[in-house]
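K.L.:
For reference, the structure I am asking about is given below.
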Amino acid sequence: MKVIAFNGSPIKEGNTHSLIQAFFNVLNPSGIETEEINIGLKPVNSCLSCYKCMHNQDKKCAQTKDKLNDYIARMEEADGIILASPVYFAQVSGQMKNFIDRAGFVCSVNGGLLKHKVGAALVAVRRAGALPAFHTMNDFFSYAQIHIVGSTYWNIGFGLMPDEINADAEGQQTIRNLARNMVWLLKSIDAAKIPLPETELGIWTNMVREDLMGN
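Taking full-length UniProt numbering, the leading residue of the sequence shown gets 1, the next gets one more, and so forth.
Take a look at the structure:
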């Protein structure tokens with residue numbers, strides 16, 4: 001089994017990276033393969049709302065000047081997915097938001113590429129704004145039918161300078177418990193071998209009804 005973590009920080013070895021490593025330190029001894037990909041160091045373009053991913057049905061975004069399609073393929077291969085971001089103005093980083101907007105839509109309109117995988121969000125914050133960022137990443141999981149793992153608190157670590165987050169004792173405990181819960185869920189799903197449920201598709205209800213617009 002493999003868990004892949006996407007780091008949305010533009011700082012290569014900052015607090016977001018430290019949270020991911022604390023998480024991996026529990027997974028690796030349990031026999032889970034891990035990989036961290038930093039999406040914050042290179043531009044991730046924003047969604048153009050072109051809907052080509054929906055019409056083409058090729059599991060890809062039509063934009064090809066960044067690595068998003070590689071990221072989507074890597075997520076499809078993985079058993080567990082971690083989204084990790086620092087907090088910028090009470091939200092995820094711009095790179096992480098662009099990643100969510102594009103990958104989320106590609107995966108949802110191509111048959112639910114990530115459904116029934118396991119996911120968790122990690123947030124690195126100096127002071128405030130962590131919960132909006134946390135919920136944004138969990139919205140990605142929820143919409144993709146990814147099973148969200150919980151812990152003993154929200155998955156937040158506090159710190160400003162690199163490695164300061166390691167001094168947040170409760171935050172570190174929360175991450176360790178989160179990782180143990182992910183290991184348990186991954187292995188439980190693998191052991192059960194129950195066929196996946198059917199997913200209904202094809203119904204879109206727009207909030208503006210053309211028959212009431214008087215045209």
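Just so you know, even glycine gets a beta-carbon here, dropped at the ideal spot from N, CA and C.
The model shown is predicted, which means the values in this text are computed figures rather than measured ones.
1. Is any beta-carbon of chain C found at less than 7 Å from that of N25?
2. Closest to M161 by C-alpha separation, out of F23, L68, E13 and A62, would be which residue?
3. Would you identify the three-state DSSP class for A90, choosing helix, strand or coil?
4. Less than 7 Å between C-beta atoms, sequence neighbours within five positions excluded: which residues of the same chain meet that for G171?
5. Return yes when the Cβ of G129 is within less than 7 Å of the Cβ of V87, no when it is not.
6. Compute the distance between the beta-carbons of P30 and V183, then report whether it is under 7 Å.
7. Smallest Cα separation from D139: which of R176, R126, D101 and A169?
8. Which residue's Cα is closest to the Cα of V26: R180, Y143 and S49?
9. Excluding the 5 residues flanking N69 on each side, which residues of the same chain have their C-beta closer than 7 Å to its C-beta?
10. Say whether the stretch 32-40 touches the stretch 103-113, bearing in mind that this needs 3 or more beta-carbon pairs closer than 8 Å, one atom from each stretch.
11. Relative to the C-alpha of L83, which residue among K187, N38, L113 and C50 is closest?
12. Along the beta strand (DSSP E) that carries G129, what are the first and last residues, could you check?
13. In the structure shown, what three-state DSSP assignment does A120 receive?
14. I203: buried (16+ other C-beta within 10 angstroms of its C-beta) or exposed?
15. Can you list the alpha helix (DSSP H) stretches of 4 or more residues lying completely in the UniProt domain "NADPH-dependent FMN reductase-like" (1-158), in chain order?
P.N.:
Working from what's here:
1. Structure shown: chain C not included; a single protein chain is present.
2. Position 161 of the sequence shown, counted from the start, is the residue given in the question as residue 161. When only C-alpha atoms are compared, the closest one is E13.
3. By one-based count along the sequence shown, residue 90 stands at place 90. Looking at A90 - three-state DSSP - the assignment turns out to be coil, as it is neither helix nor strand.
4. Mapped onto the sequence shown, residue 171 falls at position 171. For G171, where only same-chain residues beyond five positions count, the Cβ hits under 7 Å are I156, G157, F158 and I165.
5. Position 87 of the sequence shown, counted from the start, is the residue given in the question as residue 87. Position 129 of the sequence shown, counted from the start, is the residue given in the question as residue 129. In contact: V87 and G129 (Cβ atoms closer than 7 Å).
6. Along the sequence shown, read from residue 1 onward, the residue named residue 30 stands at position 30. Along the sequence shown, read from residue 1 onward, the residue named residue 183 stands at position 183. According to the sequence provided, residue 30 is Ser. The question's Pro does not apply to it. Taking 7 Å as the Cβ cut-off, S30 and V183 qualify as a contacting pair.
7. Here residue 139 refers to the residue found at position 139 when the sequence shown is read from its first residue. The candidate whose alpha carbon is nearest that of D139 is D101.
8. Position 26 of the sequence shown, counted from the start, is the residue given in the question as residue 26. Of the listed residues, the one whose Cα sits closest to V26 is R180.
9. Here residue 69 refers to the residue found at position 69 of the sequence shown. K60 and C61.
10. no
11. In the sequence shown, counting from the first residue as 1, residue 83 sits at position 83. Comparing Cα-Cα distances from L83 to each of K187, N38, L113 and C50, the minimum goes to N38.
12. Locating residue 129 in the sequence shown gives position 129, where the first residue counts as 1. Counting along the chain, G129 falls outside any beta strand (DSSP E), and DSSP gives it neither H nor E.
13. Counting from one through the sequence shown, the residue named residue 120 turns up at place 120. Looking at A120 - three-state DSSP - the assignment turns out to be strand.
14. Here residue 203 refers to the residue found at position 203 of the sequence shown. By the neighbour-count rule (16 or more Cβ atoms within 10 Å), I203 is not buried but exposed.
15. 15-27, 52-56, 68-77, 94-109 and 130-143
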